[in-house]
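*Asks:* Take a look at this one; I'll ask things after.
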């Protein structure tokens, strides 16, 4: 059987999937890699289009009727993560009056921004926002189109070079508040494949990550193709932030973090109530 597996054309995802793409991982099934931006993958998951896919944790809350969570391939911020940045320092109490550029309404970053607003201000106000492609947010701030922007991916490492300052660090806020890592992205498998095939996809995902971590130089060279102009040192730092032992297996703490975030979001009506089913 050919299993279509969706992931984003980012250096961290490319690093994770190097083991599968290079043939290091063996399976009686073949894997077809479908590369799309995370917003597209989130929308496709709502349709159940692919057998397995990377999705944001936010989107998982809307597709858990069709997909189960894999323990492997999750991205977590360990005291770091998406940020709100701006050209000038902005006090927290100013943010409700500012329109914020965000990378998508189904991104985990946007859900976390809403949780941060609730933590600071209660049910109202919600963040004023406009969706902008993630790689256009920093240029939009520099051009003065927005006063603040919610950045993800490599922008977390480069925003200072672009003359911007940190306003909120979602990972730091979440860690101080809960003591847990910040859930960002996960890999899922469609339940209708059946338990045996779901476990096989899980095994292949785990072994692909292990292959990358064990052959870091080769996997990083492959990932650099997807680094959007970053130099090798910055790409290596970014991969190290989001591909690590917790990526190999999110463990009880990672699962607890996902359940905590989605439970808090459900309590204030941001997402439906979720039963997080995990493939072991």
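In our numbering, the protein residues as written are 303 to 582. A virtual CB, placed ideally from N, CA and C, is assigned to each residue, including glycine. Every value quoted in this text rests on a predicted model; they were computed, and no experiment measured them.
Alpha helix (DSSP H) containing residue 505: first to last residue?
*Replies:* 497 to 516 is the extent of the alpha helix (DSSP H) around residue 505.
*Asks:* To the nearest angstrom, how far is it from the Cα of residue 422 to the Cα of residue 538?
*Replies:* Taking the straight line from one Cα to the other gives about 35 Å.
*Asks:* Would you mind reading off the limits of the beta strand (DSSP E) that contains residue 456?
*Replies:* Element bounds for residue 456: n/a, residue is neither H nor E.
*Asks:* Look at the Cβ atom of residue 305, then the Cβ atom of residue 353, and state whether they are nearer than 8 Å.
*Replies:* The answer is yes: Cβ separation under 8 Å.
*Asks:* Helix, strand or coil for residue 398? Go by DSSP, reduced to three states.
*Replies:* In the structure shown, residue 398 sits in a helix (DSSP, three-state: H, G or I).
*Asks:* May I ask you to verify whether the stretch 522 to 529 touches the stretch 364 to 373, counting CB pairs closer than 8 Å and requiring at least 3?
*Replies:* As far as the Cβ criterion goes, the stretch 522 to 529 does not touch the stretch 364 to 373, which means the pair count is below three.
*Asks:* At the level of alpha carbons, what is the spacing between residue 458 and residue 574?
*Replies:* Spanning the two alpha carbons is a distance of roughly 29 Å.
*Asks:* Helix, strand or coil: how does DSSP classify residue 485 here?
*Replies:* Three-state result, residue 485: strand.
*Asks:* List, from N- to C-terminal side, the beta strand (DSSP E) runs of 3 residues or more that fit wholly inside the stretch 362 to 434.
*Replies:* Fully enclosed beta strand (DSSP E) runs of 3 or longer: 369 to 372, 377 to 379, 385 to 388, 402 to 404, 431 to 433.
*Asks:* Between the Cα of residue 387 and the Cα atoms of 492, 323, 403, which residue gives the shortest distance?
*Replies:* Nearest of 492, 323, 403 to residue 387, Cα basis: 403.
*Asks:* Return the first residue and the last residue of the alpha helix (DSSP H) that residue 352 is part of.
*Replies:* Element bounds for residue 352: n/a, residue is neither H nor E.
*Asks:* CB-CB under 7 Å to residue 507, same chain, minus the five flanking residues each way: which ones, in chain order?
*Replies:* Within the same chain, residue 507 has close Cβ partners 372, 374, 375, 489.
*Asks:* Are residue 401 and residue 467 touching if we call contact CB-CB under 8 Å?
*Replies:* No, the Cβ-Cβ distance between residue 401 and residue 467 is not below 8 Å.
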